[in-house]
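Numbering (this note's numbering), first residue to last: 11 to 277. Note that beta-carbon positions come from the ideal geometry of N, C-alpha and C, so glycine has one too.
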Amino acid sequence: MIELLSYQFMQRALAAGIIISLVCGILSFFVVLRRLSFIGVGLSHAAFGGVALGFFLGVEPTWTAIGFCVAIALLIGMIKHKGKIQEDTAIGIFFAANMAFGIMLIGLSHRYNVDLFGYLFGNILAITAYDLKMITAVGSLVLVITALFFKELLFCSFDEEMAGICSVPAVPLNYLFMVLLSLVIVVSIKVVGIVLVSALLVIPAAAGRQFSSNYRAMLPVSVLVGLLSTLGGLFLSYRFDLPSGSTIVLLATLIFGLSFLWEHTRK
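Set out below in structure tokens:
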């Protein structure tokens, strides 16, 4: 393992994995409490539309993905609060529309781009210094904001209506949460890819819920599962020459399976 850390690309992968695991583990906690497991799928495919737009326009795909994903997140929130349809319905609509938009742009570009597949399926071993700076900046921002509004976000996760009655700005906080999710999803797609990033926003907290009976224990367990999955998947992908994104997600799924068995065998 010490030999691996002598490589610069492995150092960047390790640093990126730790940051992404920490941030996704914390947001996963809120995603599961809010029953928003489908939101990761919807926003990750919104990021696909943004990435395709970047390639089509010839600009940095990360920036177009951030702008596009945040815009879709705010639209979903607006439809939820001002429209007549449920949030999952809005997510389903934008999920299909953004995939169609991305595929259309790829078709119009008339060229094959290998980099696009890096965004689709992820490759933590290919993280660049620029990617790491972006991940660090976004991760730090999300951690600071989450720490500042942790109690309010937790209150809204359990009972949004009661939070509003108690003068907690529930609607603005929901918009803020959606924006934070968008930012984390975009910087995480280099690690596990657009196809699999939603797993990091669901599985850690789902496993944490099996191992713990209250939210105080659930949160650190969620972060720990994220770290074990990412770092373990990173090592296994390098050691056995496996796709990094799928290895990370499969390891996280295995941990969840073990947590499920542990929960039901102790009863």
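Do you know offhand how far Thr99's Cα is from Leu118's?
For the pair Thr99 and Leu118, the Cα-to-Cα distance works out to about 29 Å.
Please identify the residue among His91, Phe39, Lys200, Leu153 whose C-alpha is closest to the C-alpha of Tyr140.
Ranking the options by Cα distance to Tyr140, first place goes to Lys200.
The stretch 253 to 262 / the stretch 50 to 70 touching (three or more Cβ pairs under 8 Å):
The stretch 253 to 262 makes no contact with the stretch 50 to 70: fewer than 3 CB pairs, one atom from each, lie closer than 8 Å.
Under 8 Å: do the stretch 14 to 30 and the stretch 167 to 181 share three or more Cβ pairs, one atom per stretch?
Judged by pairs of C-beta atoms under 8 Å, the stretch 14 to 30 does not touch the stretch 167 to 181, as fewer than three such pairs exist.
For Leu130, I'd like the list of residues in its chain whose CB is within less than 7 Å of its CB, leaving aside the five on either flank, ordered along the chain.
Close CB contacts of Leu130 within its chain, under the 7 Å cut and outside five residues either way in sequence, are with Gly203, Ile204, Val205 (chain order).
Classify Ile48 as helix, strand or coil using the three-state DSSP reduction.
Note on identity: in this sequence residue 48 is Phe, with Ile being the wrong assignment. Looking at Phe48 - three-state DSSP - the assignment turns out to be coil, as it is neither helix nor strand.
Spatial distance of Val148 from Val197 (CA atoms)
Going from the Cα of Val148 to the Cα of Val197 covers about 8 Å.
With DSSP as the reference, label Phe168 as helix, strand or coil.
Three-state result, Phe168: helix.
Find out if the Cβ-Cβ distance for the pair Ala110, Ile82 is shorter than 8 Å.
No.
Touch test, the stretch 214 to 222 against the stretch 28 to 47, Cβ-Cβ under 8 Å, three pairs minimum
Taking a contact to require three or more Cβ pairs closer than 8 Å, the stretch 214 to 222 and the stretch 28 to 47 qualify as touching.
Cβ pair Gly50, Val207 closer than 8 Å
Taking 8 Å as the Cβ cut-off, Gly50 and Val207 qualify as a contacting pair.
Just the Cα atoms here: how many angstroms apart are Arg226 and Gln18?
Approximately 37 Å, taken between the alpha carbons.
Pair every Cβ in the stretch 179 to 198 with every Cβ in the stretch 150 to 165, then say whether three or more of these pairs are closer than 8 Å.
Touching, per the Cβ criterion.
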